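Going by UniProt numbering, the first residue of the sequence shown is number 1, and it counts up by one from there. Glycine is no exception: its CB is placed at the ideal position from the N, C-alpha and C atoms. Predicted model only: the values in this text are computed from it and were never measured. What follows is a set of notes on a single structure, which appears directly below.
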Amino acid sequence: MKSFNYIFISIIILFILIVKLWIKKKNLPPGKIIVRSDKIFTDYYIDFKRDIKVNLTNPWISPIKYSVQPPVDEANIKVAIKVLENNTCVKFKIENEIPKNESGIIFKEGSYCASNVGKRYANHSQEITLTKECQKDPYIILHELGHALGLVHEHARKDRNKYISVDQSQLNTDGLNNFQISTHDSYVEFNTDYDYASLMHYGPYTFGSWWYWLWGWKVMTSRLNEQYDRMMGQRKKMTFNDLKRINLCYCNWCNWVENGTNYQHPNRTTWCKNDGYPDFDNCSRCICPTGYTGNLCEKVMDSNPKCNKTHYIANENVTTLIFNDKMNCYIFIEARLCWRIEIKVLYVNAPYHDEICTEDIAYQFKYREDKGATGLLLCGHHQKYMTLRSETNTSLIIYKGIEPHSFFIHIDNKTLANKQKFTSWFHINSDVVFTDYYIDFKRDIRKNQSDPWIFPIRYYVQSSEMEKNLNIAMSILNNNTCVTFKKEFQTFNDTQGLIFREDSYCTSFIGNVFENHSQIVTLSKDCYRDPYIILHELGHALGLVHEHTRKDRDKFIKIHYNRLNERGKQNFEIRDFSYYYNYLTTYDYAALMHYTAYSFATAWYKFFGYPVMEPKLNEQYIHMMGQRKKMTFNEFKRINLCHCNWCKWVSNYTGEIYSNKKTPCKNGGYADFRNCSKCICPTGYTGDLCQKIIPSDSECGNTSFVANRKGTSLIYNNNMTCHIFINATEGKKIEITILYVNAPVKKRLCTEDIAYQFKYMKDKGTTGLLLCGHHQKHMKLTSESDSVLKLWITNTNLPRGYIVVNSDKIFTDYHSDFKRDIRKNRHDPWIFPIRYYIQSPQLEKNLIIAMSILNNNTCVKFKKEFYFFNDTQGLIFKEDFYCTSFIGNKFKNHPQTVTLSKDCYTDPYIILHELGHALGLVHEHSRKDRDKYVTINYDRMAHKGKDKFSIHNSSYYHNYLTTYDYASIMHYEPYSFVSFWNYLFGRPVMEPKLNEQYIHMMGQTKKMTFNDFKRINLCHCNWCGWVSNRTSKILKNRKTPCKNGGYPDFRNCKRCLCPTGYTGKFCQKIIPSDPKCGRTSFVANKNGTSLIYNNNMTCHIFIKVAKKKKIAITILYVNAPVKQKYCTEDIAYQFKYMRDKGTTGLLLCGHHQKHIKLTSESDSVLVFYKGLELHSLLKHWIINKKLPRGYIIVNNDLSFTDDHIMFKREIWVNKRNPWKFPIKYCVKSPVPKENVKTAISEVQSNTCVTFEEVERIQKYTQGLIFEEGSSCSSYVGNNVIINPYSILHELGHALGLVHEHARIGRDNFIDIDFWQLDKSAKKNFVIYNSSNFVNYSTSYDYASIMHYDQYAFGSWWYWFIGRPVIRPKLDYQYSRMMGQRKKITFNEIKKINLCYCNACGWVNNDTGQLNPDRKPNCSYSGYADFRNCSKCICPTGYTGDLCRKIIPSDPECGNTTFEVNKTRIQLIFNNKRNCYISLKATKPKKIELIIVYVNAPYDGDTCTEDIAYQIKYRRDRGATGLLLCGHHQIPIKLKSETSSILIHYKGIDPHSLLIFQYKEAD
């Protein structure tokens, strides 16, 4: 079950990634279709699907004029044109501008790549549009120029079905059009054969279903050979046949063919061979395809002399040919006339292996009749046999040996008699192991008794570049083994030895293979740059094989064969042979011969972090596997006992240690080959017989302990090296529990030089468990013997107990309760100026900038020292690979260290972050009150992060009454410590509770905020006596009455330092605005006021209200042009609505249409409008918080419904126990009150329903309790509390609203796929009929906030393949409206008001039916306003006292009222404007509406009114109409239910477009 869950989750992730790429929305003009990198205009050329279009009536005339419109980069256009001019007769001429009445080509930038096929206009220019991506590649431009010259796609030829299979089941409408075959006389192929490598060919997956692509099922597959699939879609060259077609179309001056046809010209004089054609520059000679030459292409090109014989006559006998090494050979094979040649390709090794196989890197087989067509190209490594049959009696094979390992073998003619043995190799990670003679290599070291190495081993180095590191690797062996080497200065082949040469990979034989012959070790650049990778290969040469293939490896590691790619499975086989010995050494995870945990993993498993190998003993061993920093003790031991057993310590035949050996080495040691009376000892041991422990540093204290039944706790810290020896009674074992580890250096792999090591296994020669980095999780180890050696090595001056927190480290040794705002050290305060010394000069530049920021804004001063000091307090700055600082001053008479990595010291504000720690500042998200402001999602954290967010309360951490600041420089970013899984899905660790927009402020490093400076100044510079030094509280008798979060200036106590936006002696004034801002001071009252600010200006808008009242702000629209990862004060609009004006206000960057509601904490709000450019815009509403009931802010909402069917569902009228207003409610933690209040305010502002918050609900009284649970029914679940509108959904239930999809008449509007639903889910779709449920004549609303989304409760499998649970019956576009949680619709508000606020007597309270004598008589589904019964509340789009008018459109819309008759009329609305279009027919006629084209720029998961075009064609105009988002070209037909239709066109930007047609319905 667990593995199934992993598979399921993995599929979901990949599905989302694919869909994100696949469904990439485009804003396209009509008349173009997407064809991957290009688009073909098909309006006039629907018959374009052949080879080249010959336009005899309107041909291109050379030179073809062209111009390039900025910002298109003309460099690659010139490259593409140069290719055509060099290879064809077509010439081009660049012009600055092409006149309107002249033909030519205009290159311009667009959102896609497009070109007409052939010349389109006789006296008019035509366009080629190029995206930025297309402009980067001259061959994509050449593809488009090919279209302009008449070339069309190769896969649409008339004869294509002979060559490819097209899986049309994968294709949508656009795809089917692009694979349609047409037979039109204007398209000819000039007798050229199908070319898989044509520049005009699609790739094999183009237009395919993502589902089939996921499983590797192609749209196009070759019928001739599967290898042709890898040639399709190349964009690296224009093929011979592509150029031939252009030349014969435009340059047929030699009369080779009859113009515009495939027929041979009767006057042909030049008879080109091998599918060449006459040279348009010289008709007496031919242009030849690849591999052929001569005036008539009758010859084969010359091969390199090294190729030897390259011309063969095929007969009935089998001939084997082998070509290898670096050379170019043209192999010509000929048979008798009318005979054919059979070629079997046995083995191929072309070193370069790209996604697409192209001529420049491949071996080519020209066996088809048309020698001009690209032959079969083979790239990479192939062992699978391929059989090819020539179509004529000749074949040409082009062998292109790019490097010495290039290699292929083939056998020609009919039958294959005997398979000849040959040497093969396979890649295993960074090296290649030869397995021809040694398929049984899978143990530890190979003992070759018949052909051992003779020392010194001779060697020759072919490339001088590798010599330096090769010498290092050899010296390591010389120093640690008996193996020696002798350098030769010229190559040799007469005796055993090693030849080192450069190649594209790393390879070596295992052991000595030849008695009287040298063997090769190849090294790539990546290999010979590292001496330890060379040492790995030398290990193979000396007989060592991979550690993970030992016979006993299954005791130590688990191999996941299902995670291996194909070529990896053979690298993990275990074989047991007598000549592989391990000399009783134990498995070593840190062996230099061990693979990494992810070696040979498929991309799928590697991407999701699933290793191929997992250790069985302890999960930490995984960090040791694959290291390339040292050869371990046991590896040296095996080499020495194999090659240097001069002390007769082991048996040369069995590898077993002699029982009567003379040197009784202890603890995994072995006899020293240089002195048999002594032993070579493993790490941590010493003495002649390895019986002693290496002495520890004196600071370690006691390091030898006897284990007993009582637990002993040991703590080691600081800069020292200790070897701790723990012994138990003989026969007993030792249990070790590791509680806490902090090794400052943490890298990808954990190695001995940086790690703490635990040698608890019996073989002390094996590398012990290595621990690096930070660990708090307890680890238990049980020794295999009665002793344990524990090596504790530290290499830093840091005291024990600090923790790593992202890019910086916070010391918590003495101050574990650091989790507040600033640490006030009354005992050892900083003395100014603070002395500092810089150890690394590269730190100085940005460090000085950081210090100057503090000097300019605080009383803190610094003094540079030019020599290291250790006698007083101060700061020592040094470079390291992480960033760390103490919190506050730690030592009275001693400096403390601040370390900075390159990533830190290149940014002065990251340095400032560390200086903030040194001055006492701690992380903002660790304040005591942080849970009011952020939600910490511990379940989304990686393991190492869960202890970084704990809150501690201590008296010496003060915040000086400053409020939480999301923009503090001491705040983490929201994804700090997030696990990969949650990061992938965009689920942050920290989420703001006040407003979701605050998430964009967290983690900024562009400035230190006002409150950051304020805390430092009040902590260190309280010279004005403004706060208590002990409690941090502001003193009542303070002399400087600073306002608005200001505080006394430490330089002049009579003045205040003011936060952003405020000025004056006491911060009592607002900074003046630009004159263009006009009025910027407002008094809020009960009436809403709309304010709009735009253009390039800076305004400080101050809003005031009567004391004890608050201000409600609704931000309707924001357009701040600059959008970055973080939203910072310099680019943002800011709303200071919190009580503490020193705290950074809500910052808004970029573009927002979603309404944002804020409620002030005091009686004033300051808004900063910073218009950086002309497009800047801010629109918001301000109202007094104490509004009359039901006040509605106009949101430009759109709504409509259907009232001709009277449904019995929707809202439950409880006559016995109705709600009593105000409804009391309480919110239980951790449900955020802010979101509950937002939901409640939405109801209160639009209905007569009121609420009252209380601490608790008394028994036997009405009320609502919001509390957290695991679902969203009677409780508010975790997935709801984040979104106020999801809470509003639940609140709607509490007020009586039920699910829209459960109405009695719902089957007229939707289909439910019950097959997908389990028993528990089906109850959510049951229809109940009760008189208590009334709908007040409202119709079904797909956009209802009470509606489920289309996949709700569905099977994951059906969701995965895109089969929804709920499908709309009226139009499939309605499916994108279902499940929205962005607003409550008009009809939902209407139901609540008519249920609870029927003060006007508009409906019958018992039946819910409309009263026949109701007043006012509202039109278009409006209803009586409960606040004023003489007026109506109108649905979106309608206005007036009785809702009889249409909301006015923008003046740019022109006429928006149209009479409908039997004539079909087409209307086009585009650009940025807001239009309400009314269509009216003669009653009782209906209207037929066809939506021809839609381009609404914003296209999200759900289509909502704020971004969509809306069509109100149903009877109930209160129900949401059909909403259209994104891009649509498929016509949508609608028929009105009345004689009128209202269309709301909302053009958000210049690309917005709506085209529709209308007429009277039949």
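A Cβ-Cβ separation of about 20 Å leaves Q1262 out of contact with K1233 under the 8 Å criterion. Secondary structure at T737: strand, using DSSP grouped into helix, strand and coil. H723 and Q627 have their C-alpha atoms spaced approximately 23 Å apart. When DSSP states are grouped into helix, strand and coil, Y983 belongs to the helix group. Annotation for L538: the continuous alpha helix (DSSP H) segment containing it runs 531-541. DSSP, read as helix, strand or coil, puts K486 in strand.
Boundaries around G1292 are those of the alpha helix (DSSP H), 1284-1294, since no beta strand (DSSP E) includes it. Contact between the region 1440-1459 and the region 1473-1490 is present, with at least three C-beta pairs closer than 8 Å. Sequence-distant Cβ neighbours of F1221 in its own chain, meaning closer than 6 Å and more than five residues away, are T1250. Within the region 827-879, the alpha helix (DSSP H) runs of at least 4 residues that lie entirely inside it are, in chain order, 844-857. Following the DSSP letters along the chain, one finds Q1244 inside the alpha helix (DSSP H) bounded by residues 1233-1246. Taking I1511 as the centre and dropping the five residues before and after it, the same chain places the C-beta of G1521, L1522, I1543 closer than 6 Å to its C-beta, in chain order.
The shortest CA-to-CA distance from T1385 to any of L1489, I77, I559, T1338 is the one to T1338.
By the C-beta density criterion, F868 is exposed, having fewer than 16 other C-beta atoms within 10 angstroms.
Inter-segment contact for the region 158-167 and the region 124-136 is absent: fewer than three beta-carbon pairs are separated by less than 8 Å.
Inter-segment contact for the region 861-881 and the region 893-911 is present: three or more beta-carbon pairs are separated by less than 8 Å. Here C665 is buried: its Cβ has 16 or more other Cβ atoms, across all protein chains shown, within 10 Å. The residue from Y561, P1218, A541 with its alpha-carbon nearest to that of N1405 is P1218. Between the C-alpha atoms of G669 and L477 there is a straight-line separation of about 18 Å. Straight-line spacing of the CA atoms in I726 and F705 works out to 5 Å. Unbroken alpha helix (DSSP H) runs of no fewer than 4 residues, entirely contained in the region 138-217, are found at 138-148, 173-178, 210-214, following chain order.
Here DSSP, grouped into helix, strand and coil, assigns Q126 to strand. Scanning its chain for C-beta atoms nearer than 7 Å, with the 5 sequence neighbours on each side dropped, one finds around T491 the residues Y460, I499, in chain order.
By the 16-neighbour rule on beta-carbons within 10 angstroms, K1546 is buried. E924 has its alpha-carbon roughly 26 Å from the corresponding atom of Y836.
One thing to note: I77 has its Cβ within 8 Å of the Cβ of V68. DSSP places N241 in no beta strand (DSSP E) but in the uninterrupted alpha helix (DSSP H) bounded by 240-250. N1308 and F1314 have their C-alpha atoms some 16 Å from each other.
Fully contained in the region 1415-1481 is no alpha helix (DSSP H) run of length 4 or more. For the pair of segments examined, the region 626-645 was found to touch the region 539-548: the number of CB pairs separated by less than 8 Å reaches three. Under DSSP, S1081 shares a beta bridge with F1102.
DSSP places Y1545 in the strand class (E or B) of the three-state scheme.
For F636, the enclosing alpha helix (DSSP H) begins and ends at 633-643. Counting along the chain, V1492 sits inside the beta strand (DSSP E) bounded by residues 1487-1496.
Counting along the chain, no beta strand (DSSP E) covers R1514, and no H or E run does either. With contacts defined by Cβ atoms closer than 8 Å, C1429 and Y1423 do not form a contacting pair.
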